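The next block holds one structure in the form of structure tokens; read it before the comments.
Set out below in structure tokens:
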């Protein structure tokens, strides 16, 4: 009997430990995977120690759940790859407060999958970057969430959520544009595309268009025409004046780079500096908002570099 009691106590410790990490809920698959037999789960349900929340998901100790617990239970019910999404994710990110009878979850794959209390969204497009977590709850990224709810919520609510994400600095324009372009044809995608294009217009433009814009900017403000997209000591730079050894990097042109662009840009600056090349980082937004000031900065750097002892800058 003692051995049985010890085993039951061990099961309880396992259940409690998992529930503590998951806002008070556990999934059958998790407990079976830890060696707890189904019979032990049935016994605990009958004894009022486990309370069914969804098929295969239980609240531990008491039936009432916090909102985080309800969200976590919904994700567990959706399966190992489930994510809190759409309106529920918008609430979880605290970008809006939407009341809904069903909790939105997203799972990869096709076809429908109805679950009581859940609104299950199936998708073929679920990039690893679309997955993150909030307080341990798997949830779609801010960018994926905004694209998902575009057309599902009012344009005004979407705009408020978009602005709030930008204000808090949790919105990655690169990921937002990737999600928008990947979901072309989705109903309502135009709402979020218009917001993103208004805030980050350069993100939707081709590289050649941006090059033309910068060369036109140089011509307008009397800046000597640079080489564009030129290789300098193994690095491709946005604009290069070889005689002066000056590079201008337009930071927002990196919208088409991958997530390692920040580190690569810093490596580029350090390496070029070792070869005597000065790098001026300017944002496309700053060029649009303060063109005269940007022109003065570039012209001043060119004059200063030209006045220094002549160097040979090999490309």
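Numbering (my numbering), first residue to last: 690 to 1004.
By construction, the Cβ of each residue, glycine as well, lies at the ideal position given by its N, Cα and C atoms.
Computed from a predicted structure; not experimentally measured.
- C-alpha of residue 706 to C-alpha of residue 749: approximately 10 Å in a straight line.
- Of the candidates 916, 907 and 990, 907 places its Cα closest to the Cα of residue 977.
- Take the alpha-carbon of residue 751 and the one of residue 882: they are about 45 Å apart.
- The bridge partners DSSP lists for residue 715 are 747.
- Counting C-beta atoms within 10 angstroms of its own C-beta, residue 814 has fewer than 16 neighbours from the protein chains shown and is therefore classed as exposed.
- Classified as buried, residue 827 has 16 or more neighbouring CB atoms from the shown chains inside 10 Å of its CB.
- According to the DSSP secondary-structure assignment, residue 740 is paired through a beta bridge with 748.
- A distance below 6 Å between beta-carbons, with the five flanking residues on each side excluded, links residue 915 to the following residues of its chain, in chain order: 928, 929 and 930.
- Scanning the region 822–884 from its first residue to its last, the whole alpha helix (DSSP H) runs of 4-plus residues come out as 831–838, 844–857 and 862–871.
- Residue burial is scored here from C-beta neighbours: residue 982 has fewer than 16 other C-beta atoms within 10 angstroms and is therefore classed as exposed.
- The beta carbon of residue 757 sits closer than 7 Å to the beta carbons of 712, 824 and 826 from its chain, once the five residues preceding and following it are set aside; these are given in chain order.
- When the beta-carbon positions are compared, residue 746 and residue 772 stay at least 9 Å from each other.
- The C-beta distance from residue 762 to residue 714 rounds to 4 Å, short enough to meet the 8 Å contact threshold.
- Of all alpha-carbon atoms in 865, 875, 910 and 872, the one lying nearest the alpha-carbon of residue 890 is that of 865.
- Taking 9 Å as the cut-off, the Cβ atoms of residue 967 and residue 994 count as close.
- Residue 760 sits in a helix when the DSSP states are folded into three classes.
- The closest CA to that of residue 793, considering only 817, 764 and 782, is found on 764.
- In this structure, residue 973 sits away from residue 935, with a CB-CB distance that is not shorter than 9 Å.
- Around residue 837, the same chain offers 774, 775 and 829 as residues with beta carbons nearer than 7 Å, after the five sequence neighbours per side are excluded.
- With respect to the 9 Å criterion, residue 743 and residue 844 are not classified as neighbours on the basis of their beta carbons.
- For residue 792, the enclosing beta strand (DSSP E) stretches over residues 792–797.
- Cβ contact annotation for residue 833 (same chain, cutoff 6 Å, sequence separation greater than five): 819 and 868, in chain order.
- By the neighbour-count definition (other C-beta atoms within 10 Å, threshold 16), residue 918 is an exposed residue.
- Within its own chain, the residues whose Cβ lies closer than 8 Å to the Cβ of residue 723, once the five positions on either side in sequence are excluded, are 703 and 707, listed in chain order.
- The Cβ neighbour count for residue 799, taken over all protein chains shown within 10 Å, is under 16; the residue is labelled exposed.
- At least 9 Å separates the beta-carbon of residue 781 from that of residue 789.
- The Cβ atoms of residue 695 and residue 738 lie no closer than 9 Å to each other.
- Following the DSSP letters along the chain, one finds residue 973 inside the alpha helix (DSSP H) bounded by residues 973–978.
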